[in-house]
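S.K.:
Written out as structure tokens, the structure reads:
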């Protein structure tokens, strides 16, 4: 079901709206904002140590949040069928 929202101008706005719409669980906004910061750091830095740190965050923390979002999106898609 289409639930278009206007006024979203970036990833931070998208995360905030996803929390409001319960696509992301309450209390996870700070993790999603950290993901955005990590993405920005890796886009502008060629530092192997930093890349390793962020890889660990992806494996240990960010990946779980991404999987949770995927499950929620699948659940909602099934509801629309």
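Numbering (this note's numbering), first residue to last: 1180 to 1260.
Even glycine gets a Cβ: it sits at the ideal position worked out from N, Cα and C.
As the structure is a prediction and not an experimental result, all values here were calculated from the model.
Say the cut is 7 Å; is the CB of residue 1231 nearer than that to a heavy atom of the ligand ATP?
M.R.: Absent from the structure shown: the ligand ATP. Ligands present: none.
S.K.: Are residue 1184 and residue 1212 touching if we call contact CB-CB under 8 Å?
M.R.: The answer is no: Cβ separation not under 8 Å.
S.K.: Applying the criterion that 16 or more other CB atoms from any shown protein chain within 10 Å of the CB defines a buried residue, is residue 1225 buried or exposed?
M.R.: The residue in question, residue 1225, is exposed, as its Cβ has fewer than 16 Cβ neighbours within 10 Å.
S.K.: Got a sec, what are the start and stop residues for the alpha helix (DSSP H) residue 1221 sits in?
M.R.: Residues 1208-1223.
S.K.: Given a cut-off of 8 Å, decide if residue 1203 and residue 1248 are closer than it, judged by their beta-carbon atoms.
M.R.: Taking 8 Å as the Cβ cut-off, residue 1248 and residue 1203 qualify as a contacting pair.
S.K.: Going by CA-CA distance only, name the one from 1206, 1259, 1232, 1187 that's closest to residue 1216.
M.R.: The residue with the shortest Cα to Cα distance from residue 1216 is 1232.
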